[in-house]
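The next block holds one structure in the form of structure tokens; read it before the comments.
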Amino acid sequence: MEILFDEIPSLDLADFTAGTPAQKAAFVQKLGEAYQNIGFVAIKNHGLSQGLQDRLYGSIKDFFKLPDAIKENYEKPEIGFQRGYTGKGKEHAKGRNTGDLKEFYHVGQELSRIPDTDPIKSEYPPNIWPTELPEFENDANEAYRTLESAGKAMLQAIALSLDLDENFFEDKVAHGNSILRQIHYFPIENPDAVPSDAVRAAEHGDINLITLLMGASADGLQVKRKDGKWIPITALPDQLVVNVGDMLERLTNKKLKSTIHRVVNPPREKMNTSRYSIPFFMHPRSEMDLTCLENCVDTSHPKQYEDITAGEFLEERLRELGLRK
Numbered sequence: 001m002e003i004l005f006d007e008i009p010s011l012d013l014a015d016f017t018a019g020t021p022a023q024k025a026a027f028v029q030k031l032g033e034a035y036q037n038i039g040f041v042a043i044k045n046h047g048l049s050q051g052l053q054d055r056l057y058g059s060i061k062d063f064f065k066l067p068d069a070i071k072e073n074y075e076k077p078e079i080g081f082q083r084g085y086t087g088k089g090k091e092h093a094k095g096r097n098t099g100d101l102k103e104f105y106h107v108g109q110e111l112s113r114i115p116d117t118d119p120i121k122s123e124y125p126p127n128i129w130p131t132e133l134p135e136f137e138n139d140a141n142e143a144y145r146t147l148e149s150a151g152k153a154m155l156q157a158i159a160l161s162l163d164l165d166e167n168f169f170e171d172k173v174a175h176g177n178s179i180l181r182q183i184h185y186f187p188i189e190n191p192d193a194v195p196s197d198a199v200r201a202a203e204h205g206d207i208n209l210i211t212l213l214m215g216a217s218a219d220g221l222q223v224k225r226k227d228g229k230w231i232p233i234t235a236l237p238d239q240l241v242v243n244v245g246d247m248l249e250r251l252t253n254k255k256l257k258s259t260i261h262r263v264v265n266p267p268r269e270k271m272n273t274s275r276y277s278i279p280f281f282m283h284p285r286s287e288m289d290l291t292c293l294e295n296c297v298d299t300s301h302p303k304q305y306e307d308i309t310a311g312e313f314l315e316e317r318l319r320e321l322g323l324r325k
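Per UniProt numbering, residue 1 is the first one in the sequence shown, and the count goes up by one each step.
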């Protein structure tokens with residue numbers, strides 16, 4: 001059933017994690033409808049406290065205020081910018097050459113939390129922590145674990161909506177290659193000096209299984225509806241925005257929609273203001289098989305993708321984004 005939403009649906013994750021069987025079933029039903037149509041929901045009761053969000057936003061604002069020469073000490077192009085700092089305009093959307101008007105910082109799995117017996121440990125570079133901000137490490141790690149936990153609950157509901165076992169994704173995301181990205185859309189003092197087609201984040205789909213976004217600090221996020229209309233994504237302060245990524249769209253043979261979204265530039269008179277945003281990109285382990293699920297392929301929905309692993313797909317996309325050479 002096709003639904004054109006005027007805004008993204010709001011759901012209460014506590015209905016799923018702590019509700020009655022009826023509440024749980026209703027959550028799965030609504031989530032399935034939203035993800036088959038618009039690919040986005042806003043959720044409350046996700047476990048991330050306002051205090052932690054405020055602390056994390058405070059420390060990233062302090063980091064991005066540092067001189068470029070200091071920030072560049074934390075930049076690691078040799079690992080495809082997968083940890084630490086990525087400078088202004090380094091990333092562009094797939095199919096574009098103009099860099100986005102943003103800089104960002106990446107935090108991944110904390111290696112000390114992965115058992116030595118798990119071979120995945122050798123695949124990840126260690127996290128890089130700015131010595132100028134001693135509190136950043138604790139806050140970022142706590143947010144990472146909280147968002148990963150909320151993401152696992154969302155994936156359980158997604159599995160049920162696809163008639164899979166509730167724990168279908170559990171072993172596939174255990175110590176997965178997830179990234180917490182702190183983004184600064186920097187002020188543009190002279191709008192005429194940037195390329196005419198440069199935007200804060202050009203239209204794109206996310207690479208991963210799902211993305212969990214904590215309160216962006218200014219307007220500008222928009223999602224493209226099936227009929228081509230762009231609608232603003234607004235979430236209340238206590239909500240996370242959670243959307244389907246390309247890996248999940250691929251796994252479900254396009255049953256669940258990885259919807260194109262963008263961050264538009266503010267009005268010209270506000271171009272000289274900052275916008276901050278912290279998405280958590282939930283990735284599986286690199287060996288996860290993204291072959292289309294059998295129950296998402298039939299005569300009216302023929303298989304649309306070649307078989308590929310999550311690791312192979314990620315490498316391909318990082319090259320397209322200009323982060324891997």
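Where a beta carbon is used, it is the ideal one built from N, C-alpha and C, also for glycine. In this text the structure is predicted, and so the values were computed from the model without any measurement.
Coarse secondary structure for residue i, derived from DSSP in three states
{"i": "Lys-44", "result": "strand"}
{"i": "Asp-165", "result": "coil"}
{"i": "Gly-84", "result": "strand"}
{"i": "Glu-75", "result": "strand"}
{"i": "Thr-299", "result": "coil"}
{"i": "Asp-6", "result": "coil"}
{"i": "Asp-116", "result": "coil"}
{"i": "Asp-307", "result": "coil"}
{"i": "Asp-100", "result": "coil"}
CB-CB length for residue i against residue j, believed under 8 Å
{"i": "Phe-281", "j": "Ser-178", "result": "6 Å"}
{"i": "Lys-76", "j": "Ile-128", "result": "7 Å"}
{"i": "Asn-243", "j": "Thr-211", "result": "5 Å"}
{"i": "Asn-253", "j": "His-301", "result": "6 Å"}
{"i": "Ser-258", "j": "Gly-205", "result": "4 Å"}
{"i": "Val-263", "j": "Gly-220", "result": "5 Å"}
{"i": "Ile-188", "j": "Met-271", "result": "4 Å"}
{"i": "Ser-236", "j": "Gln-36", "result": "Here residue 236 turns out to be Leu, not Ser, going by the sequence shown. Contact doesn't hold; Cβ gap of about 24 Å is too wide."}
{"i": "Asp-100", "j": "Ala-201", "result": "5 Å"}
Range of the contiguous alpha helix (DSSP H) that encloses residue i
{"i": "Gln-222", "result": "No alpha helix (DSSP H) contains Gln-222, which is instead part of the beta strand (DSSP E) from 221 to 224."}
{"i": "Glu-135", "result": "Element bounds for Glu-135: n/a, residue is neither H nor E."}
{"i": "Ser-10", "result": "Note, Ser-10: premise wrong, no alpha helix (DSSP H); beta strand (DSSP E) at 10 to 12."}
{"i": "Phe-27", "result": "21 to 37"}
{"i": "Val-173", "result": "170 to 173"}
{"i": "Tyr-57", "result": "50 to 65"}
Span separating the alpha-carbon of residue i from that of residue j
{"i": "Ala-34", "j": "Phe-40", "result": "6 Å"}
{"i": "Arg-145", "j": "Phe-136", "result": "14 Å"}
{"i": "Gly-228", "j": "Lys-303", "result": "24 Å"}
{"i": "Asp-6", "j": "Lys-224", "result": "11 Å"}
{"i": "Gly-84", "j": "Gly-108", "result": "9 Å"}
{"i": "Asp-15", "j": "Asn-208", "result": "25 Å"}
{"i": "Ala-93", "j": "Phe-169", "result": "28 Å"}
{"i": "His-261", "j": "Pro-284", "result": "22 Å"}
{"i": "Ala-310", "j": "Tyr-57", "result": "30 Å"}
{"i": "Glu-142", "j": "Leu-48", "result": "9 Å"}
{"i": "Val-241", "j": "Ala-22", "result": "24 Å"}
{"i": "Glu-103", "j": "Ala-26", "result": "39 Å"}
{"i": "Ile-79", "j": "Gly-87", "result": "14 Å"}
{"i": "Leu-147", "j": "Cys-296", "result": "28 Å"}
{"i": "Asp-289", "j": "Arg-319", "result": "20 Å"}
{"i": "Arg-113", "j": "Ile-38", "result": "35 Å"}
{"i": "Glu-91", "j": "Gln-222", "result": "19 Å"}
{"i": "Tyr-305", "j": "Glu-132", "result": "46 Å"}
{"i": "Leu-13", "j": "Gln-156", "result": "11 Å"}
{"i": "Thr-17", "j": "Ala-153", "result": "7 Å"}
{"i": "residue 327", "j": "Asn-45", "result": "Beyond the ends of the chain as shown, which are 1 and 325, falls residue 327; an answer cannot be given."}
{"i": "Gly-151", "j": "Asp-165", "result": "16 Å"}
{"i": "Pro-67", "j": "Tyr-74", "result": "12 Å"}
{"i": "Glu-203", "j": "Thr-273", "result": "21 Å"}
{"i": "Gly-245", "j": "Leu-314", "result": "12 Å"}
Element boundaries [beta strand (DSSP E), containing residue i]
{"i": "Glu-103", "result": "103 to 107"}
beta-carbon residue i near the ligand SAM non-hydrogen atom, thresh 8 Å
{"i": "Leu-160", "result": "Questions concerning the ligand SAM fall outside what the structure shown contains, since it holds no ligand whatsoever."}
Kindly provide the ranges of any alpha helix (DSSP H) runs that are 4 or more residues long and lie completely inside the UniProt domain "Fe2OG dioxygenase" (175 to 284), ordered along the chain.
Restricting attention to alpha helix (DSSP H) runs no shorter than 4 residues, the UniProt domain "Fe2OG dioxygenase" (175 to 284) encloses them at 246 to 251, ordered along the chain.
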